[in-house]
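Heads up, the sequence shown is in my numbering, so the first residue is 1 and it goes up one at a time.
Just so it is clear, CB atoms sit at the ideal spot from N, CA and C, and this is done for glycine as well.
Nothing here was measured: the structure is a model prediction, and the numbers come from that model.
The block underneath contains the structure these notes are about, expressed in C-alpha cells.
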Amino acid sequence: MGSMVNPGDDAVRLVAGRYRLGARLGRGGMGVVWRATDQLLGREVAVKELTVDDTLSEDEARLRRERTLREAQAVAQLRHPHIIVVHDVVEDGGRPYIVMELVDGGSLADRISRGGPVDVAEAARIGSDLLSAVRTAHDAGVLHRDIKPANVLVEAGTGRAVLTDFGIAQVAGATTLTETGSFVGSPEYTAPERMSGSRSGPASDLWSLGALLCAALSGESPFRRDSLGGILHAVVSDEIRPPAQAEPLLPVVRGLLERDPERRLGAAKAERMLREYLATGAVAAPAATESGGVTPYTPTQRDVPRPPPVAAAAPRTATRGVLVAALLVAAVAGAGVSAATLLFHGDGGGGTPGPAATTAVSASYPETDSPAPPPTSSPASPSAPATGSRTVPSGYRFAQDPAGFSLAVPAGFTRDPQGERVFYLSPGQTFRLGVKVSESPAGGPGTVMRRAAAEGPSTNPGYHDGRVTDTTHSGHPAAFWEFTWKGFSATEGPRHTYDLCWEENGRLYDVWVSAPVGKVREAREYFDVALDTFTAG
C-alpha cells in the first residue's frame with residue numbers, strides 16, 4: 001500500500017505473533033503503514049500501525065484507538081475492486097494494527113507530483129472507478145469523508161485506482177468521533193456543508209470527488225490558496241473556477257461541485273457520464289430532474305474572469321465565507337491548526353496602525369478579494385432615518401459625527417474621539433469601530449495601506465497574514481487591508497481586523513472594525529453596515 005518511503009529504518013518486528021513488519025511505506029495523520037508478511041498465510045500485506053502521541057490524555061488516546069477500529073469496521077463491510085481490502089485487526093502491546101491488502105504503487109498524489117497531471121481519459125477512468133466505489137460504500141451506510149489524491153492508490157502495472165484510508169469514515173448509526181469540537185479532513189477537498197458544520201451525507205463525498213478530478217487534471221485542487229482562511233473562503237463562497245484542463249468533463253465537474261448538496265450531481269449519473277466520455281469522447285449535460293439533480297450545463301455557465309469587486313454593488317457572497325470561516329476557527333484548530341494562524345489580525349486603522357486604533361479584517365479572504373459588499377438582508381426599521389445608500393438597519397442608530405461624516409453604528413456603541421481617529425466602542429470595547437478622515441496623500445489609498453501593513457509587526461503584537469488589495473468603493477479608488485494579531489494583552493486575546501480606505505473629493509476616508517476572533521460574524525456585519533451607510537461631509 002503506497003510506495004516505499006524508507007526501507008529498513010526500524011528494526012524488524014513481529015506483530016501479534018503473525019505479521020512481520022518490513023519496509024515503511026508511508027505515514028499519515030493516524031499512523032504509519034508498513035509492508036509486512038503474513039507468516040500464517042504466506043502473503044504480503046500492508047499493516048497500518050496507530051502512532052502513539054505521548055501528549056494525549058488517556059481518553060484522547062482511547063478515542064484514537066476507537067477511530068482506528070472504526071476504520072477497519074467500516075472498510076471490512078465493503079467489497080469492491082476499487083476499495084482497499086481489510087484482512088484483519090489486531091492489538092499488540094496496547095496498540096491497534098489494521099492489516100490490509102498490499103497495493104504495489106504510490107498514491108495518486110505521488111503520481112501527480114512526480115509525473116504531472118493525468119490526461120482526460122485517465123482522469124475519467126479514475127473518476128468513474130472511484131464513483132463506483134463510493135456508491136458501494138454509500139449503499140452500505142459508510143461515508144469516507146476524506147477523499148483526496150493522497151488517499152487513492154494507483155496500482156503499478158494495472159493502473160487500478162483504490163480508495164483507501166477510511167480513518168475518518170462515518171458509519172450509519174455510529175457515533176462520529178469528530179463531532180466533539182474538532183474538524184478532521186482536508187479543507188481543499190471538503191464540501192461546503194461540512195465546512196459550515198451542517199450534517200454531511202453522501203453528497204459531501206461527491207464534492208470531494210469533483211475537487212479530486214480537478215486536481216488530477218491540473219495538478220492541484222481548485223480551492224488551493226496560500227492560507228487556510230483563504231481555502232475556507234474559496235470552498236464556501238468564492239467563485240468556483242474549474243481548471244481549463246477540465247473542459248471536456250466540465251458538466252461532471254461542475255455538477256459535482258454544486259454547493260447545494262440537494263442539487264449536486266448523483267454518483268450513479270456522474271459515473272455514467274464519465275463512462276460515456278470514455279466510450280464516445282464526449283459527455284452530455286445531466287438533466288435537472290435526474291436523481292442527485294444539478295442545473296443543466298450550458299456554455300454560459302463557464303467561469304469567466306470577474307471584474308474587481310466593488311464594495312457597494314457586488315453580491316454579498318464573500319461575507320458568507322467570512323462568517324462560516326469564523327465559526328470554524330475552533331473546529332479547524334482541533335485539527336492541529338492554530339486558531340491564531342487563521343483569523344488573528346491587529347488593530348491598526350487609519351493607515352497608521354497603533355495601539356489607540358482598532359481595525360479588524362478577515363483572514364478568510366484570499367489575496368485577490370476585497371471586502372464583501374454591504375449586507376442586503378439586514379432588517380430595516382421603517383421609522384429609521386435614511387442615510388447613505390440605504391435605511392439604517394434595525395438595531396443601529398444614525399450618528400452624525402462632528403468630524404464631518406455620518407454612518408449607522410450599533411445601538412449601545414459610544415463615541416470616543418482619539419486624536420485624528422473617532423471610535424465607536426461597544427461595552428467593554430469588545431468591538432471597536434474606527435473612522436479617520438484626512439487629506440489625500442500622494443500615492444492614494446493603496447500606498448497608504450501598504451505602508452501601514454509594512455508597519456504592522458511593530459504596531460500590532462503578533463501581526464501576521466496581512467494583505468492589501470486594491471479595489472473601489474462606490475466608484476472611488478480604494479484599498480482593503482486585512483490582518484490578524486494576538487491583541488494588546490492576554491486578557492484581550494487574539495483579534496481580527498477589517499479595514500477599507502478610499503479617496504473621495506480630495507479626502508481620504510478610512511473605516512475599520514476590530515473584534516475578537518470568535519466574534520467575526522458580528523464584526524463583519526458592523527463593518528458592512530458602516531460602509532453601506534457612510535456619508536462624507
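Asked, Found
"Do the stretch 134-141 and the stretch 33-44 make contact, defined as three or more Cβ pairs closer than 8 Å?", "no"
"Does the beta-carbon of P441 have 16 or more other beta-carbons within 10 angstroms, so that it is buried, or is it exposed?", "exposed"
"Considering only C-alpha positions, which residue in the set S198, V252, E220 and S218 is nearest to V236?", "S198"
"Which same chain residues end up closer than 7 Å to E188 when comparing Cβ atoms and leaving out the 5 residues on each side of it in sequence?", "A211, S221, F223, R224 and I231"
"My output table needs one value for H87: the three-state DSSP class, helix, strand or coil.", "strand"
"For the alpha helix (DSSP H) that contains V149, what are its first and last residues?", "With the sequence shown as reference, residue 149 is identified as Pro, and Val is not the correct amino acid for it. P149 -> no alpha helix (DSSP H), and no H or E assigned at all."
"Taking DSSP as the reference, what is the three-state secondary structure of I240?", "coil"
"Could you pull the DSSP bridge partners for P410 from this structure?", "Y396"
"Taking the alpha-carbon positions, what's the D499 to M100 distance?", "53 Å"
"Consult DSSP for F431 and reduce its assignment to one of helix, strand or coil.", "coil"
"For the alpha helix (DSSP H) that T136 lies in, which residues bound it at each end?", "V120 to D139"
"Can you tell me which of the three DSSP states T358 falls into?", "Low per-residue confidence applies at T358: pLDDT is 32, beneath 50, and the placement is therefore not dependable enough to give any value."
"Rounded to the nearest angstrom, what separates D532 and E420 at their Cα positions?", "22 Å"
"Which term fits D59, buried or exposed, when burial requires 16 or more other beta carbons within 10 angstroms of its beta carbon?", "exposed"
"Kindly provide the ranges of any beta strand (DSSP E) runs that are 3 or more residues long and lie completely inside the stretch 427-491, ordered along the chain.", "432-439, 464-473 and 476-485"
"Considering Cα atoms alone, identify which of T414, A246, Y19 and I84 is closest to V539.", "Nothing can be reported for residue 539: it is not among the residues displayed for the chain, which extend from 1 to 537."
"Give the range of the alpha helix (DSSP H) segment to which Y526 is assigned.", "V520 to T533"
"Is the beta carbon of Y277 closer than 8 Å to that of L257?", "no"
"Which residue or residues does DSSP assign as beta-bridge partners of W502?", "Y509"
"Using 8 Å as the cut-off, can you tell me whether the stretch 502-510 makes contact with the stretch 430-444, which would need three or more C-beta pairs spanning the two stretches below that distance?", "yes"
"Return helix, strand or coil for E220, following the three-state DSSP convention.", "coil"
"Per DSSP, what are the beta-bridge partners of E49 in this structure?", "V32 and Y97"
"Do you know how far the Cα of A523 is from the Cα of A403?", "23 Å"
"Which term fits D139, buried or exposed, when burial requires 16 or more other beta carbons within 10 angstroms of its beta carbon?", "exposed"
"Using alpha carbons as the reference points, say which of E122, V142 and A203 lies closest to C214.", "E122"
"Please work out which residues of its chain come closer than 6 Å, Cβ to Cβ, to V120, disregarding the five sequence neighbours upstream and downstream, and give them in chain order.", "P248"
"With burial defined as no fewer than 16 other Cβ atoms inside 10 Å of the residue's Cβ, what is the status of E525: buried or exposed?", "buried"
"R62 by DSSP, collapsed to three states: which one?", "helix"
"For A490 and P516, what's the separation of their Cα atoms in angstroms?", "12 Å"
"If we count the other Cβ atoms within 10 Å of its Cβ and call it buried at 16 or more, is D10 buried or exposed?", "Because the pLDDT at D10 is just 46, under 50, the model does not fix this residue reliably, and the point stays unresolved."
"Can you confirm whether the stretch 149-158 touches the stretch 100-118 when touching is taken to mean that 3 or more C-beta pairs between the two stretches lie within less than 8 Å?", "yes"
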